[in-house]
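J.:
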Amino acid sequence: MGEELCTGAGREELSLPAKPPAASYPADNLSDALKKLKITAIDSTADSLEGCLDCLLQALAQNNTETSEKIQKSGILQVFASLLTPQSSCTAKVANIIAEVAKNEFMRNSCVDAGLIPPLVQLLNCKDQEVLLQTGRALGNICYDSHTLQSQLINMGVIPTLVKLLGIHCQNAALTEMCLVAFGNLAELESSKEQFAYTNIAEEIVKLFKKQIEHDKKEMIFEVLAPLAENDIIKLQLVEAGLVECLLEIVQKTVDSDKEDDIAELKTASDLMVLLLLGDESMQKLFEGGKGSVFQRVLSWIPSNNHQLQLAGALAIANFARNDGNCIHMVDNGIVQKLMDLLDRHVEDGNVTVQHAALSALRNLAIPVVNKAKMLSAGVAEAVLKFLRSEMPPVQFKLLGTLRMLIDAQAEAAEQLGKNVKLVERLVEWCEAKDHAGVMGESNRLLSALIRHSKSKDVIRTIVQSGGIKHLATMATSEHVIMQNEALVALALIAALELVTAEKDLENAKLVQILHRLLSDERSAPEIKYNSMVLICALMGSEPLHKEVQNLAFLEVVSKLRSHENNTVAQQASLTEQRLAVES
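Each residue of the sequence shown is one higher than the last, beginning at 2 in this note's numbering.
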């Protein structure tokens, strides 16, 4: 639970209605009140206590910091613990005083040490709305900005209690707001989300959301929904409670407005919509086999003129495209053209986030085998290549991933792209993008894929001429086995198809030494050892490379691998040993 002073985006404290300005309270009156409280708290009547408590509240209203210091020194906080009972008529005032003093950071530990948290938590079960409000404020301020104390509250079971309060007292604006502030802060903690998932928070909060007209109130609820919706169980509960319909309504009402509040609301609603689609179950529920009204509405966002909606629409499609069935259905129903049209609108000085989102969607849609040829014939590769000039790493990364998915097992497309000198030169350039590991990795993988899927001499020649060989050799030393393997297979094809053309570059890249290291290293995966030996045999056709193999005593390393536990490796070791022995 958080301090009401500055929860969320600088939200005002949940103050009580303003009181008339307090008359200046002489210091001796305050001291008398503190002394009297200390002496009489145990056995005095409620009336005499009320007067002392009023005195403290007035002094706090006049000078909170100074009064809090005096309260701290007086030791009265320990006495307050005994006054926090549902039976006492002073409880609301005591909780109010605690809430006021706990606005000061230096008072919070004193409140904890005085044992105020357990009795305050107990008071959340009482019926009196004023006591509940002041108790919530007090707990919120004591635990403000302390994950440790907030976790303690969660362990003491405040979440189900507060959710219940929200349901019971939804007509009380101040109490509702207190609950929302508490939820907003507690929901940031991972441990809270499991507890929230076992309450009917989704139902209560959607019910509350539907009633709101004011922007500020909606914003407050959004601040609770965003962290809660990170949990997959709660995502589904929010979808079932009808949140999506509320969000779509907001989008419809605000899409054409240029008012600042409406623009902010549109962004928050569409972002939250995308977040709900990150859960597998909630996404599938909204997809409804591609017939769902929500899916259809999201489709209509893509041709919109509003950048925020275009972005949300493309991200939503990328999220719907997380399984083969959905991808196939969407491609068969014309989504590709909509995304290409969107990309077309953002080629020149386009919106980078929209470019990134649309490319993400195309990449996901290109994963199922049956979609690749359809997307290629629709012109996706050409549409994507328009962004080769982009200097934005996120766009570069998605562009590369999309092309790599498209050419998987598509020989003709791989050959066509592999002969595209501009593309290959850009790939070689990006293979050196050391500041952007993702772009560097994807460039290497696409370079290798162009060779592996085309098996084309022309493609190999283009890559050799563009200086790509050294990058494939480096890729063979990657920490990722899948990348090592892709590099070795591509290099073996180069050696088999165009050894003479590539000979000099393979030599300069110190490929033979790399292979020696891979075979000598016990940590190398079996497939790496196997493909390294296949490649060694292929390199023997080159005189200078053959000499390097002889100089490095490969025979010794390979003969050890004949007893490798993996049969395929052992067999390849025998064949390679024979080849090395014959050629030596």
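C-beta: ideal position from N, C-alpha, C; glycine also.
Quantities reported herein were computed from a predicted structural model and do not represent experimental measurements.
By DSSP, does A552 sit in helix, in strand, or in coil?
T.: In the sequence on display, residue 552 carries Asn and not Ala. Residue state, collapsed to three classes: helix.
J.: Can you name, in chain order, every residue of its own chain whose Cβ lies under 6 Å from the Cβ of M476, other than the five neighbours on each side?
T.: These residues qualify, in order along the chain: N445, M484 and A488.
J.: Considering only residues of the same chain and omitting the five flanking positions on each side of K511, which have a CB-CB separation below 8 Å?
T.: Excluding sequence neighbours, K511 sits near A474.
J.: Would L520 pass as a contact of V482 if the rule is Cβ separation under 7 Å?
T.: Not in contact: L520 and V482 (Cβ atoms no closer than 7 Å).
J.: Using 10 angstroms around the beta-carbon of Y531, count the other beta-carbons present and answer buried if the total reaches 16, otherwise exposed.
T.: It is buried - the Cβ of Y531 has at least 16 other Cβ atoms within 10 Å.
J.: From which residue to which residue does the alpha helix (DSSP H) around Q172 run?
T.: Unbroken run through Q172: none, as it is neither H nor E.
J.: So, with DSSP's three-state summary, where would you put Q88?
T.: If DSSP states are grouped into helix, strand and coil, Q88 belongs with coil.
J.: Can you tell me the Cα-Cα spacing of N307 and V256, whole angstroms?
T.: For N307 and V256, the distance between alpha carbons rounds to 7 Å.
J.: Please go through the region 110 to 194 and give each complete alpha helix (DSSP H) segment of 4 or more residues, from N-terminal end onward.
T.: Counting whole runs of 4 or more residues, the region 110 to 194 contains the alpha helix (DSSP H) stretches 118 to 124, 130 to 143, 148 to 156, 159 to 169 and 174 to 187.
J.: Count the other CB atoms within 10 Å of the CB of Y589; is the residue buried (16 or more) or exposed (fewer)?
T.: A question about residue 589 goes unanswered here, because the residues of the chain that appear run from 2 up to 585.
J.: Looking at C-beta atoms only, is the number of pairs between the region 327 to 344 and the region 361 to 370 that lie closer than 8 Å three or more?
T.: The region 327 to 344 is in contact with the region 361 to 370.
J.: Might you give, ordered along the chain, the residues of its own chain that have their beta carbon closer than 6 Å to the beta carbon of K94, omitting 5 neighbours on each side?
T.: Closer than 6 Å at the Cβ level, and outside the excluded window around K94, lie L54.
J.: May I ask you to report which of helix, strand or coil DSSP gives V490?
T.: In the structure shown, V490 sits in a helix (DSSP, three-state: H, G or I).
J.: Can I234 and A198 be called in contact, C-beta distance under 7 Å?
T.: Yes. Within cutoff.
J.: Of the residues A382, G442 and E189, which one's Cα is nearest the Cα of N421?
T.: The residue with the shortest Cα to Cα distance from N421 is A382.
J.: Is P87 buried or exposed, if buried means 16 or more other CB atoms sit within 10 Å of its CB?
T.: So P87 ends up on the exposed side.
J.: Please tell me whether T68 and A60 are closer than 7 Å, where the distance is taken between their beta carbons.
T.: Yes, the pair counts as a contact, with Cβ atoms nearer than the cut-off.
J.: Residues in the same chain with beta-carbon distance under 6 Å from F439, minus the five sequence neighbours each way, listed in chain order, please.
T.: First, the amino acid is wrong: residue 439 is Gly here, not Phe. F398.
J.: Express the C-alpha separation of A358 and R453 in angstroms, rounding to a whole number.
T.: Rounded to the nearest angstrom, the two C-alpha atoms are 28 Å apart.
J.: Buried or exposed: which applies to I529, given that a residue is buried once 16 or more other Cβ atoms fall within 10 Å of its Cβ?
T.: Buried, by the Cβ-count rule.
J.: What do you get for P369, buried or exposed, if any count of 16 or more other CB atoms within 10 angstroms of its CB means buried?
T.: Buried, by the Cβ-count rule.
J.: CA-CA distance, T577 and T403?
T.: Roughly 38 Å between the two C-alpha positions.
J.: Closest to I583 by C-alpha separation, out of E549, D259 and C538, would be which residue?
T.: Per the sequence shown, residue 583 should be read as Val rather than Ile. Of E549, D259 and C538, the residue nearest in Cα terms is C538.
J.: Rounded to whole angstroms, what is the Cα-Cα separation between E251 and E266?
T.: The amino acid at residue 251 is misidentified as Glu; the sequence shows Ile. Looking at the two C-alpha atoms, the distance is approximately 7 Å.
J.: Within 10 angstroms of the Cβ of I408, are there 16 or more other Cβ atoms? Answer buried if so, exposed if not.
T.: That one is buried.
J.: Go ahead and pull the three-state DSSP assignment for R427.
T.: Reduced to three states, the DSSP call for R427 is helix.
J.: Roughly how many whole angstroms lie between the Cα atoms of L546 and S467?
T.: Looking at the two C-alpha atoms, the distance is approximately 21 Å.
J.: Which two residues bound the contiguous alpha helix (DSSP H) that contains K292?
T.: First-last for K292: undefined, no H or E at that position.
J.: Ignore the nearest five residues each way along the sequence and tell me which others in D459's own chain have a CB closer than 6 Å to its CB.
T.: For D459, where only same-chain residues beyond five positions count, the Cβ hits under 6 Å are K420.
J.: Report buried or exposed for T8, applying the criterion of at least 16 other Cβ atoms within 10 angstroms of its Cβ.
T.: With a pLDDT of 29 at T8, under the threshold of 50, the modelled position of this residue cannot be trusted; read the value that follows with caution. Buried, because 16 or more other Cβ atoms sit within 10 Å of the Cβ of T8.
J.: Quick one: what's got a C-beta closer than 6 Å to D345's C-beta in the same chain, skipping five residues either side?
T.: Here the set comprises nothing.
J.: Label K260 either buried or exposed according to how many other C-beta atoms from any shown protein chain fall within 10 Å of its C-beta, with 16 as the threshold for buried.
T.: It is exposed - the Cβ of K260 has fewer than 16 other Cβ atoms within 10 Å.
J.: If you run the structure through DSSP and keep just helix, strand and coil, what is C432?
T.: Three-state result, C432: coil.
J.: Please determine, among E101, A230 and N327, the residue with the shortest C-alpha to C-alpha distance to E189.
T.: For E189, the nearest C-alpha among the options comes from A230.
J.: Between S111 and the rest of its own chain, which residues show a CB-CB distance below 7 Å, the 5 nearest in sequence each way excluded?
T.: Q73 and L78, listed in sequence order.
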